[in-house]
Amino acid sequence: MSDAVKAPPWPKSRWIKLAGALAIAALGVDLFHPRSRFLRFGPPILIVGGLIWAAWLLFLAGAPEGAAAQRRFKSAAATVLLALLVILGATLIRLGPTPALQQMNASINGGVSAQSEDAELGWAPQGKGRVGQRLDLIDPGRDHILLMGDSIVFGQGLTPDEHVGHKLEERMPRWQVLNAAVSGYSIDQYYLYLKRIIDEVKPKAIVVGVFTGNDYQITGREFSWGTSKPLFMVENGELVRANEGASCIDDLSHSLLFRSIWRSRDMAMGTINALCAPRELRRGEAEAVIARLFQGIDELGARYGVKPLFMLLPVRDEYNIFDRERFLYTGKYRDLRRLLALGKHDFYEPLPAIARATKESP
3 MSDAVKAPPW
13 PKSRWIKLAG
23 ALAIAALGVD
33 LFHPRSRFLR
43 FGPPILIVGG
53 LIWAAWLLFL
63 AGAPEGAAAQ
73 RRFKSAAATV
83 LLALLVILGA
93 TLIRLGPTPA
103 LQQMNASING
113 GVSAQSEDAE
123 LGWAPQGKGR
133 VGQRLDLIDP
143 GRDHILLMGD
153 SIVFGQGLTP
163 DEHVGHKLEE
173 RMPRWQVLNA
183 AVSGYSIDQY
193 YLYLKRIIDE
203 VKPKAIVVGV
213 FTGNDYQITG
223 REFSWGTSKP
233 LFMVENGELV
243 RANEGASCID
253 DLSHSLLFRS
263 IWRSRDMAMG
273 TINALCAPRE
283 LRRGEAEAVI
293 ARLFQGIDEL
303 GARYGVKPLF
313 MLLPVRDEYN
323 IFDRERFLYT
333 GKYRDLRRLL
343 ALGKHDFYEP
353 LPAIARATKE
363 SP
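Plus 2 on top of the position in the sequence shown (first one is 1) and you've got this note's numbering.
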């Protein structure tokens, strides 16, 4: 009887086990991160264990006999090992924009947006001679009013004709109103982005929208939208970067396994907290940082003889409630207002006038 006849086929159960072994090894590579205690020691165990199990299934567990069977065995082994290399290589490739950035880029209606990862800011719009998520083109022949902020100032879901920058420019046609707001930004990113663009814009006025719903909280931690962001501490009166888990967060956001999780903000936050141990400032630390950031924004404006105006933008529900004091107490509105007042910054509160108007409306 020939070798081809004698060679037993691979049992289906061995293929299933081999696929499981390779999946375990690939999972280990996908999770590995040297700066995270959990992700530094656990994944190598998965990688080594999965490869040992795969090698045992391929070369030791009932290897077939005969020349034809050996050729078939080697061909199958080469195919499986090649597939393993492809899987492991794919987990190490930094894919395009993370799901969080894809969501931000898709959030503008009727305009353009080019959010990309940014080593300094976490993410930032890209475009020469342009600013903000709407990529407003700077007109060097006009005086500029510069708007800074997050999705509120940006105008989440609004068309280019509806957002605040366009409405202001309609009322003041002599000025170019540049909307430099970027979705998801917090106070530290307002400061860093203003620092980046101010010498190009040379503004005559600067308005910074401070969202009382989450700017305080997000400024005190090193991630937002499932992506790392700057985190500062104050040392000897100066701002110093204090990120600890940023690279772990970014690696997870590019992981093939976790990319689907990143589409849920709650799941992304839970995963980041569990695996990357990101740093979060205590209340006193966060307030010291926010106060110094407000001061830094004022100092940047002073380069061009501008005193920035901060606008306290409240949570939407605060406009229509009867017990407004309860909302202001439980939120961060009062904390931010206190820090602005203590720093003697110029600020404006639209909440009282809007609250009166909504109560008086039929």
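All C-beta atoms in this analysis are idealised placements derived from N, C-alpha and C, irrespective of residue type, glycine included.
| Asked | Found |
| --- | --- |
| Which first and last residues belong to the alpha helix (DSSP H) in which S153 is found? | 153-156 |
| Starting from N181, trace the beta strand (DSSP E) in both directions and tell me its first and last residue. | 177-181 |
| Considering only C-alpha positions, which residue in the set G167, S188, G186, Y187 is nearest to Q178? | G167 |
| From what residue to what residue does the alpha helix (DSSP H) around S249 run? | 248-255 |
| Should S153 and S185 be called a contact, given that it needs their Cβ atoms to be closer than 8 Å? | yes |
| Express the C-alpha separation of A183 and D201 in angstroms, rounding to a whole number. | 17 Å |
| Please identify the residue among V210, A25, N245 whose C-alpha is closest to the C-alpha of G222. | N245 |
| Exposed or buried, what is K231 when buried is set at 16 or more other beta-carbons lying within 10 Å of its beta-carbon? | buried |
| How big is the Cα-Cα spacing for D190 and E287? | 14 Å |
| Along the chain, where does the alpha helix (DSSP H) that runs through Y195 open and close? | 189-203 |
| Which first and last residues belong to the beta strand (DSSP E) in which V184 is found? | Looking at the DSSP string, V184 is not in any beta strand (DSSP E), and its letter there is neither H nor E. |
| Kindly indicate the opening and closing residues of the beta strand (DSSP E) around A126. | 124-127 |
| Can you tell me whether L24 is buried or exposed? The criterion is at least 16 other CB atoms within 10 Å of its CB, across all chains shown. | buried |
| Roughly how many angstroms separate the alpha carbons of S255 and F213, rounded to a whole number? | 26 Å |
| Starting from F296, follow the alpha helix (DSSP H) in both directions and report where the run begins and ends. | 285-304 |
| State buried or exposed for P127, treating a residue as buried only when at least 16 other CB atoms are found within 10 Å of its CB. | buried |
| Measure the alpha-carbon distance for D268 versus I220 and round it to whole angstroms. | 14 Å |
| Going by other Cβ atoms of all chains shown within 10 Å of its Cβ, with 16 needed for buried, is I18 buried or exposed? | exposed |
| Does the beta-carbon distance from P205 to H146 come in below 8 Å? | yes |
| Could you tell me which residues DSSP puts in a beta bridge with V317? | Paired residue(s): none; V317 is not in a bridge. |
| Classify V166 as helix, strand or coil using the three-state DSSP reduction. | helix |
| Counting C-beta neighbours from all protein chains within 10 Å, is the total for L233 16 or more, i.e. buried, or is it exposed? | buried |
| Got a sec: is the Cβ-Cβ distance from W125 to anything in chain B below 8 Å? | Among the chains of the structure shown, chain B does not appear; only one protein chain is present. |
| If distances are taken between C-alpha atoms only, which option among L283, S257, N238, C250 comes closest to A276? | C250 |
| I'd like to confirm the pairing. Which residues does DSSP put opposite R132 in its beta bridges? | L139 |
| From A27 to T229, what does the alpha carbon distance come to, in whole angstroms? | 26 Å |
| Who are R223's beta bridge partners in DSSP? | E282 |
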